[in-house]
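*Asks:* Numbering (the numbering used here), first residue to last: 166 to 517.
Note that CB positions come from ideal geometry on N, CA and C, so glycine has one too.
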Ligand code: PEP
Ligand code: MN
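In structure tokens:
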């Protein structure tokens, strides 16, 4: 349930109401906007009557029952405004959100060795990416497939960060690794296969680095938003949602079906920033440019693109990886669409 206070409500009145709510066993979450204060009531509100609640104070403008199972992730929770996720990188802060230019995240599926990760970082940076992606820990279907180099690859990501100035996005799969990964990553990625690993969600929610949560390959939008709610409820407000394609009946030509409709759907449901990943979404590099352009036209806040210096030799996801040259070409094409929707050029990071 959400209590919207009138413009100019005295703070003492908001305090008094919050004390009442706490006495009822609820957790009031205060969101102070430019003009209004909104109180999100977390807990069991099933027995509360909206009308009676409204009558408790003349300063209450309206009481909304959120029918959706998530509260903190809901658009109403931020009184209809989009939130932004500010990420610190060596080059300053980069903002993800509806009010900001598109942020491009690029890099290999996995971190293979120092030379390749640094060369890829420098190449994607030169083409306009703001973040380097790359897995140190890889969730693989087969236990015999390359699992990532683990901790040593975190050191290589740190070196690539230093060499390029790019922010780092990398996956964490195990609660035991969260601190270690957070020392290097500017954004922690929770992969599609771990979207409902609730212990992991609570753990990344209890630390300070922003979290990118990928949609499970067969997850509904509500399940995905509930997973984001776990992170928000654990105290971390910096969550980005990433659509990476769904498993559908026809896998003859594409690995997954990229659900671009999430852009307008999520806009109506949540305030959280949106990322789309046409690389995992299609599984084929040939299809990535067309889908990446469509993602920007649809209004995504950011894109994740896999880039590898030699896709034929990649230890994972080679068939969907662009070469640095193809990525450069793609960025030029994306600029055309990005400018048309007024979400380009890429921002110069603000130096802090
Ligand atoms: C990845 O980003 O390399 C990855 C494994 O993605 P997903 O969790 O979407 O499969
Ligand atoms: Mn991959």
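(1) Give a yes or no on whether the minimum CB-CB distance between residue 419 and chain D is below 9 Å.
(2) Can you tell me which of 241, 216, 368, 338 puts its alpha carbon nearest to the alpha carbon of residue 202?
(3) Going by Cα to Cα distance, which pick from 189, 243, 212 is closest to residue 196?
(4) At what residues does the beta strand (DSSP E) containing residue 261 begin and finish?
(5) Using 8 Å as the threshold, is the region 394 to 413 in touch with the region 353 to 371, meaning 3 or more CB pairs across them?
(6) Tell me the DSSP secondary structure of residue 379 in three-state form.
(7) By the three-class DSSP mapping on this structure, what secondary structure does residue 481 have?
(8) Does at least one heavy atom of the ligand PEP sit under 8 Å from the Cβ of residue 460?
(9) Can you tell me the Cα-Cα spacing of residue 281 and residue 477, whole angstroms?
(10) Identify which residue in 307, 444, 388 has its Cα closest to the Cα of residue 238.
(11) Give the DSSP bridge partners of residue 407, in chain order.
(12) Between which two residues does the beta strand (DSSP E) containing residue 296 stretch?
(13) Cβ of residue 357 versus every heavy atom of the ligand PEP: is any distance shorter than 8 Å?
(14) Go ahead and label residue 390 buried or exposed: buried means 16 or more other beta carbons lie within 10 angstroms of its beta carbon, across all protein chains shown.
(15) Spell out a yes or no on whether the region 182 to 190 and the region 199 to 219 are touching, meaning 3 or more CB-CB pairs, one atom from each, closer than 8 Å.
(16) Drop a sphere of 10 angstroms on the beta-carbon of residue 479, count the other beta-carbons inside from all chains shown, and report buried for 16 or more, exposed for fewer.
(17) Look at the Cβ atom of residue 473, then the Cβ atom of residue 487, and state whether they are nearer than 9 Å.
(18) Which of the three DSSP states, helix, strand or coil, is assigned to residue 369?
(19) Confirm, please, whether the CB-CB distance from residue 267 to residue 461 is below 9 Å.
(20) Please identify the residue among 384, 465, 406, 439 whose C-alpha is closest to the C-alpha of residue 421.
(21) Should residue 265 and residue 249 be called a contact, given that it needs their Cβ atoms to be closer than 9 Å?
(22) Starting from residue 487, follow its DSSP beta bridges and name the residues at the other end.
(23) Starting from residue 454, trace the alpha helix (DSSP H) both ways and give me its first and last residue.
(24) Mark residue 468 as exposed unless 16 or more other C-beta atoms lie within 10 angstroms of its C-beta, in which case mark it buried.
(25) Taking 8 Å as the cut-off, is the CB of residue 275 close to at least one heavy atom of the ligand MN?
(26) Report, in whole angstroms, the separation of the C-beta atoms of residue 352 and residue 319, which I expect to be a contact under 8 Å.
(27) Hey, which unbroken runs of the beta strand (DSSP E) at 3 residues or more fall wholly within the region 210 to 295?
(28) How long is the line joining the alpha carbons of residue 311 and residue 447, rounded to whole angstroms?
(29) Taking the DSSP output, what are the residues bridged to residue 416?
(30) Tell me whether residue 354 sits in a helix, a strand or coil according to DSSP, three-state version.
(31) If we ignore side chains and look at the alpha-carbon of each, how far apart do residue 169 and residue 228 end up?
(32) Is any non-hydrogen atom of the ligand SAH found closer than 8 Å to the C-beta of residue 445, if you look at the structure I gave you?
(33) DSSP puts residue 206 in a beta bridge; with which residues?
(34) Does the beta carbon of residue 300 fall short of 8 Å from some heavy atom of the ligand PEP?
(35) If you draw a straight line from the C-alpha of residue 182 to the C-alpha of residue 166, how long is it?
*Replies:* Looking at the coordinates:
(1) Within the model displayed, chain D is absent; a lone protein chain is all it includes.
(2) Considering only alpha carbons, the answer is 241.
(3) Measuring from the Cα of residue 196, the nearest candidate turns out to be 243.
(4) Its beta strand (DSSP E) spans residues 257 to 261.
(5) In short, these stretches touch, since the Cβ pair count reaches three.
(6) Collapsing the DSSP output to three states places residue 379 in a strand.
(7) Here residue 481 sits in coil by DSSP.
(8) False, no ligand heavy atom lies under 8 Å from that Cβ.
(9) Each residue's Cα considered, the two are about 14 Å apart.
(10) Considering only alpha carbons, the answer is 388.
(11) Its beta-bridge partners are 379, 440.
(12) Judged by DSSP secondary structure, residue 296 falls within the beta strand (DSSP E) whose first and last residues are 296 to 298.
(13) For residue 357, the shortest C-beta to heavy atom distance toward the ligand PEP is below 8 Å.
(14) By the 10 Å Cβ count, residue 390 comes out buried.
(15) Touching, yes, given that three or more Cβ pairs across the two stretches are closer than 8 Å.
(16) Buried, by the Cβ-count rule.
(17) Going by C-beta atoms, residue 473 is nearer than 9 Å to residue 487.
(18) Taken through DSSP and simplified to helix, strand or coil, residue 369 comes out as helix.
(19) Annotated as proximal: residue 461 and residue 267, with beta-carbon spacing under 9 Å.
(20) Shortest Cα-Cα distance from residue 421 to any of 384, 465, 406, 439 involves 384.
(21) In this structure, residue 249 lies closer than 9 Å to residue 265 by Cβ.
(22) DSSP lists 472 as partners of residue 487.
(23) Per DSSP, residue 454 is one residue of the alpha helix (DSSP H) stretching across 453 to 463.
(24) Result: buried.
(25) Because some heavy atom of the ligand MN lies under 8 Å away, the Cβ of residue 275 counts as near it: yes.
(26) Not a contact, Cβ separation roughly 14 Å.
(27) Within the region 210 to 295, the beta strand (DSSP E) runs of at least 3 residues that lie entirely inside it are, in chain order, 225 to 229, 250 to 254, 257 to 261, 268 to 272.
(28) C-alpha separation (whole angstroms): 21 Å.
(29) According to DSSP, which records beta bridges pairwise, residue 416 is partnered with nothing at all.
(30) Residue 354 carries a strand assignment under DSSP once its states are collapsed to helix, strand and coil.
(31) Cα-Cα distance, rounded: 6 Å.
(32) Absent from the structure shown: the ligand SAH. Ligands present: the ligand PEP and the ligand MN.
(33) In the DSSP output, where bridge partners are listed per residue, residue 206 has 193.
(34) Remark: the shortest separation between the CB of residue 300 and any heavy atom of the ligand PEP falls under 8 Å.
(35) Distance between the alpha carbons of residue 182 and residue 166: 14 Å.
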